[in-house]
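Peer 1: Note that the UniProt record's numbering has the sequence shown beginning at 1, numbered continuously upward. Got a structure here, written out as structure tokens. Questions coming.
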Amino acid sequence: MSPLPGGSPIQTYLDALHRRLAPLREGLVAAYIPELAHADPAWFGIAIATVDGHLYSVGDTAQCATIQSISKPFVYGMALAEQGVERVLAKVGVEPTGEAFNSISLEPDTGRPLNPMINAGAIAVSAMIAGTDAADGERRIMAMFERYTGRTMAVDERVYASEARTGHRNRALAHLMRNFDIITGDPEPGLDLYFRQCSVLVDCRDLAIMGATLANDGVNPLTGARALAAPDVARVLAVMTSCGMYDFSGGWIYRVGMPAKSGVAGGIIAVLPGQMGIAVFSPPLDSRGNSVRGIRVCEEISADFALHLFHTPRATAASIIRSRSDGTELRSSRRRRRSERTRLRARGARVRLYELQGELNLGATESLVHDVLRERAAFEILILDLTRVVGLDQAAARLLSELAHDLQSHERTLLLPGGHHQPPLVHALAEVSSETGSPGPLRFTERDQALEWAEDQLLGRALQDPVTETPLIENDLCETLDANARDQLITIAERLDCVAGQVVYHPGDPADALFLIARGQFQIQSTASARIPLRCATLGPGLVFGDLPLATGRSRDHTVIALNDRAACWRIPYRAIAPELKVQLLASLATRLAERLTEGSGAGEPTPDGGDFEG
Numbered sequence: 001m002s003p004l005p006g007g008s009p010i011q012t013y014l015d016a017l018h019r020r021l022a023p024l025r026e027g028l029v030a031a032y033i034p035e036l037a038h039a040d041p042a043w044f045g046i047a048i049a050t051v052d053g054h055l056y057s058v059g060d061t062a063q064c065a066t067i068q069s070i071s072k073p074f075v076y077g078m079a080l081a082e083q084g085v086e087r088v089l090a091k092v093g094v095e096p097t098g099e100a101f102n103s104i105s106l107e108p109d110t111g112r113p114l115n116p117m118i119n120a121g122a123i124a125v126s127a128m129i130a131g132t133d134a135a136d137g138e139r140r141i142m143a144m145f146e147r148y149t150g151r152t153m154a155v156d157e158r159v160y161a162s163e164a165r166t167g168h169r170n171r172a173l174a175h176l177m178r179n180f181d182i183i184t185g186d187p188e189p190g191l192d193l194y195f196r197q198c199s200v201l202v203d204c205r206d207l208a209i210m211g212a213t214l215a216n217d218g219v220n221p222l223t224g225a226r227a228l229a230a231p232d233v234a235r236v237l238a239v240m241t242s243c244g245m246y247d248f249s250g251g252w253i254y255r256v257g258m259p260a261k262s263g264v265a266g267g268i269i270a271v272l273p274g275q276m277g278i279a280v281f282s283p284p285l286d287s288r289g290n291s292v293r294g295i296r297v298c299e300e301i302s303a304d305f306a307l308h309l310f311h312t313p314r315a316t317a318a319s320i321i322r323s324r325s326d327g328t329e330l331r332s333s334r335r336r337r338r339s340e341r342t343r344l345r346a347r348g349a350r351v352r353l354y355e356l357q358g359e360l361n362l363g364a365t366e367s368l369v370h371d372v373l374r375e376r377a378a379f380e381i382l383i384l385d386l387t388r389v390v391g392l393d394q395a396a397a398r399l400l401s402e403l404a405h406d407l408q409s410h411e412r413t414l415l416l417p418g419g420h421h422q423p424p425l426v427h428a429l430a431e432v433s434s435e436t437g438s439p440g441p442l443r444f445t446e447r448d449q450a451l452e453w454a455e456d457q458l459l460g461r462a463l464q465d466p467v468t469e470t471p472l473i474e475n476d477l478c479e480t481l482d483a484n485a486r487d488q489l490i491t492i493a494e495r496l497d498c499v500a501g502q503v504v505y506h507p508g509d510p511a512d513a514l515f516l517i518a519r520g521q522f523q524i525q526s527t528a529s530a531r532i533p534l535r536c537a538t539l540g541p542g543l544v545f546g547d548l549p550l551a552t553g554r555s556r557d558h559t560v561i562a563l564n565d566r567a568a569c570w571r572i573p574y575r576a577i578a579p580e581l582k583v584q585l586l587a588s589l590a591t592r593l594a595e596r597l598t599e600g601s602g603a604g605e606p607t608p609d610g611g612d613f614e615g
């Protein structure tokens, strides 16, 4: 399991939840099993394990206690795997009882327990596992638990002895089922195995990993070991959903809405299929035998992150990340001078970009956030491109807003182009933006704008000052010209001063000059759409446009407009360019084209038709 940097939104949330609920003093520690009465009512731990193998915990999560009835769904799954569905159904039903865990809920005619989550049903299942060799049955059960937890398990012999000595009601249930031949042969070995499985020691982290294994279709997300076949996982989760919380099962599914199981030692396990396992340990129980704090924790997590079973997300952690890149691989359409491109190549890795897609839910976003926090020290600016995201739920919005807050506290910047289309995210980020007074992560609507801003930060300045002028001979195009060629260029150059929005040329205009930018910014726009111009590139002082026809004779096929008042450029008429000057200009243009091709269009910069060589 990879270590997680401090500041994880889920960890921060759990810390706050634990602090808020720790003062609760409701409920009583179970005393009907004498050894359980020794538990400290102040013990309180919460753990979450994800299907990606991330573990979050707070409080007394290393405190061991016996698993008790939380063992039931796992042993039931083992019986399904070993005996088959039909044989198990012949002995134990799957109907909720609406009664307490130790109720005598047997079918009147057959004596079959109504479900495997009540004691009667669990004892019948354990008897099936025991068969004619209870010792071998115990060995198989322990091996099963070890596949779920990824570690060696042990039985608390004192609790086992206490249960075996005082479990008169369970003994009566076993003998009653023997009377109906639900248990065949001596009921004591199966009953004893039940007592021992309930006495297995676990901690809160074990329970979370066991839940995550069920959430991961039966594969332990830490070890990769399969603990249960996927079809049997579905059957186990179905019974946990309808019967796992005994006579509170209806209230649980209504309020929390996740498959779950509780135990009288104070544990609760809840499963969010495809995403995570949640575990709580707190010994004080309510009148139904469920952990008081455990119920509250699960209710709040479900409400805060919209985890109810019938709020069905469609994304997976792997499916939402369309691509990953950094500033050395992807560039904005803003044209840069050679010196700037060199600096961006050197520092571009300080900008990270994730292109996201589909629907963002808790599990997928948690995995994304974990990945981001692991790499936090390596970047200064993070761009999460949401323009392809079709939906984003309350849980994802909360995690992203917490991520923004965390990155801000570590002097990192988060940008979320496209996020303004997601109302839950806009709402969640409002508080973060109000605290800082900045536009926040939603300041840009398009990825290209965010990339351009990020590049400007790496270059150590804001957008080019529109009144700063670059002399003609300092233009990138002039770097390779000799002194005579530069003098010729100065002689034939015509000054063109512009205001914001002024069109320099339209598609179809005569291609009779190239332009060297002196001041301000100019934008090259595509005319593919008559209604919405598409930005192909933005260019600033020291760059050139309109140069392609010098080599090809092509007509203009783009629009170029000035973006600033007092923008200016030098117009170089083709007719005034002497042959020897043209040779040097073409050589300079070819050199710059070769440099751009070497950098690669994969760097995200426009191709020659939309860039330095623009018609």
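Glycine residues also receive a C-beta, built at the ideal position from the N, C-alpha and C atoms.
For residue 11, I'd like the list of residues in its chain whose CB is within less than 6 Å of its CB, leaving aside the five on either flank, ordered along the chain.
Peer 2: 56
Peer 1: Output the boundary residues of the alpha helix (DSSP H) element that contains residue 56.
Peer 2: From DSSP, residue 56 is part of no alpha helix (DSSP H) but of the beta strand (DSSP E) over 55-59.
Peer 1: Who pairs with residue 328 in a beta bridge, going by DSSP?
Peer 2: Paired residues: none, contrary to the question.
Peer 1: Using the three-state DSSP reduction, which class does residue 463 fall into: helix, strand or coil?
Peer 2: Bear in mind that a pLDDT of 46 at residue 463, under 50, signals an unreliable position, so the number given afterwards is only what the model happens to contain. Coil.
Peer 1: Quick check on the DSSP output: what are the complete alpha helix (DSSP H) runs of length 4 or more inside the UniProt domain "STAS" (351-416), in order along the chain?
Peer 2: 362-374 and 394-409
Peer 1: Residue ranges of each alpha helix (DSSP H) run of no fewer than 4 residues wholly in the UniProt domain "Cyclic nucleotide-binding" (477-565), ordered along the chain?
Peer 2: Entirely contained in the UniProt domain "Cyclic nucleotide-binding" (477-565), the alpha helix (DSSP H) runs reaching 4 residues are, in chain order, 483-492 and 548-552.
Peer 1: Starting from residue 617 and walking both ways along the alpha helix (DSSP H), at which residues does that stretch end?
Peer 2: Given that the chain is displayed from residue 1 to residue 615, the structure contains no residue 617 and the question cannot be resolved.
Peer 1: Whether or not the segment 276-283 and the segment 133-150 are in contact is what I'm after, with contact meaning three or more pairs of Cβ atoms, one per stretch, closer than 8 Å; do they touch?
Peer 2: no
Peer 1: Suppose the cutoff is 6 Å on Cβ atoms and the five residues either side in sequence are ignored; what does the same chain contact list for residue 398 look like?
Peer 2: Closer than 6 Å at Cβ, skipping near neighbours: 428.
Peer 1: Hey, would you say residue 442 sits closer than 8 Å to residue 475, going by beta carbons?
Peer 2: no
Peer 1: Is the number of C-beta pairs between the segment 280-287 and the segment 30-48 that are closer than 8 Å three or more?
Peer 2: yes
Peer 1: Just to confirm my understanding: we take residue 129, look at its own chain, exclude 5 residues before and 5 after, and list those with CB closer than 8 Å. What are they?
Peer 2: 75, 78, 79, 82, 137, 140, 141, 190 and 193
Peer 1: Which residues does DSSP list as the beta-bridge partners of residue 92?
Peer 2: Answer is none; residue 92 lacks a bridge partner.
Peer 1: Between residue 306 and residue 186, is the Cβ-Cβ spacing less than 8 Å?
Peer 2: Not in contact: residue 306 and residue 186 (Cβ atoms no closer than 8 Å).
Peer 1: Apart from the five residues just before and just after residue 323, which ones in its own chain have a Cβ nearer than 6 Å to its Cβ?
Peer 2: Same-chain partners within the cutoff: 355.
Peer 1: Just confirm the distance between the C-beta atoms of residue 468 and residue 519, as a whole number of angstroms; I'd bet it's less than 8 Å.
Peer 2: 7 Å
Peer 1: Between the segment 344-355 and the segment 375-390, do at least 3 Cβ pairs fall closer than 8 Å?
Peer 2: yes
Peer 1: Tell me the rounded alpha-carbon separation between residue 246 and residue 96.
Peer 2: 8 Å
Peer 1: Pull up the distance between the alpha-carbon of residue 478 and that of residue 410, whole angstroms please.
Peer 2: 43 Å
Peer 1: Should residue 144 and residue 244 be called a contact, given that it needs their Cβ atoms to be closer than 8 Å?
Peer 2: Contact: no.
Peer 1: Kindly indicate which three-state DSSP category residue 30 falls into: helix, strand or coil?
Peer 2: coil
Peer 1: Would DSSP call residue 569 helix, strand or coil?
Peer 2: Note: residue 569 maps to strand in three-state DSSP.
Peer 1: Use the C-beta contact count for residue 447: other C-beta atoms within 10 angstroms, 16 or more gives buried, fewer gives exposed.
Peer 2: buried
Peer 1: At the level of alpha carbons, what is the spacing between residue 256 and residue 299?
Peer 2: As the crow flies, the alpha-carbon of residue 256 is around 5 Å from that of residue 299.
Peer 1: CA-CA distance, residue 463 and residue 453?
Peer 2: Note that residue 463 has pLDDT 46, beneath the 50 cutoff, so the model's placement of it is unreliable and the number below is only indicative. Computed Cα separation, rounded: 8 Å.
Peer 1: Have a look at residue 424 and residue 17 and give me their C-alpha separation to the nearest angstrom.
Peer 2: Straight-line spacing of the CA atoms in residue 424 and residue 17 works out to 22 Å.
Peer 1: Any idea what DSSP makes of residue 322, helix, strand or coil?
Peer 2: strand
Peer 1: Per DSSP, what kind of secondary structure is residue 205 in: helix, strand or coil?
Peer 2: helix
Peer 1: I'd like to know whether the C-beta atoms of residue 155 and residue 200 end up nearer to each other than 8 Å.
Peer 2: Yes, Cβ-Cβ distance for residue 155 and residue 200 is below 8 Å.
Peer 1: Taking only runs of the beta strand (DSSP E) that begin and end inside the segment 158-194, which ones reach a length of at least 3 residues, in chain order?
Peer 2: none
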